[in-house]
Structure formats: C-alpha cells, structure tokens
Amino acid sequence: MTELTTATIRPLTAEDAPAYRSLRLSALAETPEAFGASHDEEAAQLLAWFAARITPQPPSRIYGAFQEDALIGMAGFLAYGGEKKRHIGLLWGVYVAPAGRGSGIATALVAAVIAHAREHVRMLHADVGVDNHPAQRLYEGLGFRSYGIQPKALCIDGVFHDETMLALDFTI
Ligand SMILES: CC(C)(COP(=O)(O)OP(=O)(O)OC[C@H]1O[C@@H](n2cnc3c(N)ncnc32)[C@H](O)[C@@H]1OP(=O)(O)O)[C@@H](O)C(=O)NCCC(=O)NCCS
Numbered sequence: 023m024t025e026l027t028t029a030t031i032r033p034l035t036a037e038d039a040p041a042y043r044s045l046r047l048s049a050l051a052e053t054p055e056a057f058g059a060s061h062d063e064e065a066a067q068l069l070a071w072f073a074a075r076i077t078p079q080p081p082s083r084i085y086g087a088f089q090e091d092a093l094i095g096m097a098g099f100l101a102y103g104g105e106k107k108r109h110i111g112l113l114w115g116v117y118v119a120p121a122g123r124g125s126g127i128a129t130a131l132v133a134a135v136i137a138h139a140r141e142h143v144r145m146l147h148a149d150v151g152v153d154n155h156p157a158q159r160l161y162e163g164l165g166f167r168s169y170g171i172q173p174k175a176l177c178i179d180g181v182f183h184d185e186t187m188l189a190l191d192f193t194i
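This note's numbering puts the first residue of the sequence shown at 23, with every later residue one more than the last.
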C-alpha cells in the first residue's frame, strides 16, 4: 500500500529548467531502458532547449513533484496533433528520484497527468519496458490496460528492448 505523498505536484514552468535538466539527465543516466531518449543526446542540449521542452504548446505539459522546493519527480503529457490524432495523448518521461520512491509520488504525478488528460483527449497511451514491473503496476493500478508488445522498441548499446503498450480509454 502506497502512503500518501507529501510532495507538491504542479506543472513545470520555464524557471524550473535548471532543476528539470538535472533530474532528467539523472533519469536518463540511471535507467536508460525506461526512456526513449539517450543521456548523451540530451546532455548536449542547452538550458534553453530544456526550458522550451517544459513549456510545450498547451494542453501538453510536464508535471513536477517538489519537496521543500526541490524537484524530485516528473511526468509528461503530450497531446498528439492533427485532426485524426488529437483525441490521443501520451504519458511520457515518468521518473522519481530514488530517495523519493515508494511513498506515492509517482502515483500522484501520473494521477495529475490523467486528470489533465481526461479534459483534453479520449485516450491516453503509455509505453513501458516489458521488465519494468514497478511502472506497469503503477499504470495498471491507475486504470491503464495493456494492448500489445512492441518488439525491439529500443536499441541501447546494441541490445534490443521490447515495450508493453498501454492505454487508458476515457470513453469507457
Ligand atoms: C516507476 C517509478 C516512477 C515509481 O515511482 P514511486 O514514486 O516509487 O511509485 P509509487 O510510490 O507512487 O508507487 C506506485 C505503485 O507503483 C508500483 N511500484 C512502485 N515501486 C515498485 C517496486 N519496486 N516493485 C513493484 N511495484 C512497484 C506499485 O504498484 C505501487 O503501488 P503500491 O505501493 O500500492 O503497490 C520509479 O520507480 C522510477 O522512477 N523508476 C525509474 C524510471 C521508470 O521506470 N519510469 C517509468 C518509465 S515507463
């Protein structure tokens, strides 16, 4: 049972760019198989790139979890564009720093993304490594259901990783 988190959850703003850059690069270095981007690709980016990343075109946004003003977790919502795809959004970039885990912070972050997504899209997608049982349990506990496996979804240092594709259907 997850204890209630004491973290503050709010959308990131451009002022959060230095903290976001630091946490994001830690995440990419610590668990490369959990993210589609590589550490080296993003480490090469300037701070302005991270500031733009965390202030995307609405309704896309990134939520941060803060404890005593320190950013310790994050979860992104990306709304697909275009007439035929704009009913779908993507949950992406979910991460909680190791010291903050196991106290419901990721649950609170993903719940914030879901509450926001529900207002803007009909379907929310997420991709999770097939071996990433903590994230799968987290997402399924919040209503996501698996609809298939994408083989060789990522290639990291020459090793392929399959991903489970999940969806949360707000219409049922
Ligand atoms: C996955 C992750 C975000 C969970 O963060 P967290 O703040 O510890 O999660 P919570 O405390 O909110 O736990 C929520 C649920 O996740 C699942 N979970 C979390 N840690 C788990 C673990 N070590 N083993 C199994 N399930 C786990 C459980 O279902 C848990 O609910 P429960 O405690 O009621 O059983 C965190 O471990 C992380 O950042 N991992 C590395 C990056 C990553 O894998 N991101 C997801 C990419 S798809």
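Ideal Cβ placement from N, Cα and C applies to all residues, glycine included.
- [ ] Leaving aside the five residues before and after A39 along the sequence, list all residues of the same chain whose C-beta is less than 7 Å from its C-beta, in chain order.
- [x] Stepping through the sequence shown from its first residue, residue 39 is reached at position 17. For A39, where only same-chain residues beyond five positions count, the Cβ hits under 7 Å are L69, F72, A73, I76.
TODO: Taking all protein chains shown into account, decide if A121 is buried (16 or more other Cβ within 10 angstroms of its Cβ) or exposed.
DONE: One-based indexing of the sequence shown puts residue 121 at position 99. A121 sits exposed, since fewer than 16 C-beta atoms from the chains shown fall within 10 Å of its C-beta.
Open item on the list: In the DSSP assignment, the beta strand (DSSP E) including G151 goes from what residue to what residue?
Closed with: As a position in the sequence shown, residue 151 is number 129, starting the count at 1. It spans 145-151 - the beta strand (DSSP E) in which G151 sits, taken as one unbroken run.
Open item on the list: Could you tell me which whole beta strand (DSSP E) segments of length 3 or greater appear in the stretch 88-156?
Closed with: Counting only runs of 3 or more, we get 92-101, 110-118, 145-151.
TODO: Would you decide whether F182 is buried or exposed? Buried here means 16 or more other CB atoms lie within 10 Å of its CB.
DONE: In the sequence shown, the residue the question calls residue 182 occupies position 160. Flag for F182 reads exposed.
TODO: Report yes if the CB atom of A130 is closer than 8 Å to the CB atom of I31, and no otherwise.
DONE: Position 108 of the sequence shown holds residue 130. Position 9 of the sequence shown holds residue 31. Between A130 and I31, the gap from beta carbon to beta carbon is short of 8 Å.
Task: Nearest-angstrom Cα separation, counted from V132 out to H147 - done: If you number the sequence shown from 1, residue 147 lands on position 125. If you number the sequence shown from 1, residue 132 lands on position 110. Using only the alpha carbons, I get a separation of about 12 Å.
TODO: Can you have a look at H155 and say buried or exposed, based on whether 16 or more other CB atoms are within 10 angstroms of its CB?
DONE: Locating residue 155 in the sequence shown gives position 133, where the first residue counts as 1. Flag for H155 reads exposed.
TODO: Give a single yes or no on whether R123 has its beta carbon closer than 7 Å to a heavy atom of ligand 1.
DONE: Within the sequence shown, residue 123 is the residue found at index 101, counting from 1. Because some heavy atom of ligand 1 lies under 7 Å away, the Cβ of R123 counts as near it: yes.
Open item on the list: Does the beta-carbon of Y85, which I'm using as the reference point, lie nearer than 7 Å to any heavy atom of ligand 1?
Closed with: One-based indexing of the sequence shown puts residue 85 at position 63. Set against 7 Å, the gap from the CB of Y85 to the closest heavy atom of ligand 1 is not smaller.
Task: For P81, the three-state DSSP class (helix, strand or coil) - done: Within the sequence shown, the letter at position 59 stands for residue 81. Annotated three-state conformation of P81 is coil, per DSSP.
Task: Minimum length 4: unbroken alpha helix (DSSP H) runs contained in the stretch 30-66 - done: Given a length threshold of 4 residues, each whole run of the alpha helix (DSSP H) inside the stretch 30-66 is given here in chain order: 39-52, 61-65.
Task: Distance cut-off 7 Å: V118 Cβ against heavy atoms of ligand 1 - done: If you number the sequence shown from 1, residue 118 lands on position 96. Yes, Cβ of V118 sits closer than 7 Å to a heavy atom of ligand 1.
TODO: Grab the span of the beta strand (DSSP E) containing L69 for me, first residue to last.
DONE: Sequence index remark: in the sequence shown, residue 69 carries index 47 (1-based). First-last for L69: 69-75, but that is the alpha helix (DSSP H), not the beta strand (DSSP E).
Open item on the list: Contact defined as beta carbons within less than 8 Å: I believe M145 pairs with I194. What is the distance between those atoms, to the nearest angstrom?
Closed with: Residue mapping note: residue 145 aligns to position 123 of the sequence shown, counting from 1. Residue mapping note: residue 194 aligns to position 172 of the sequence shown, counting from 1. A Cβ-Cβ separation of about 10 Å leaves M145 out of contact with I194 under the 8 Å criterion.
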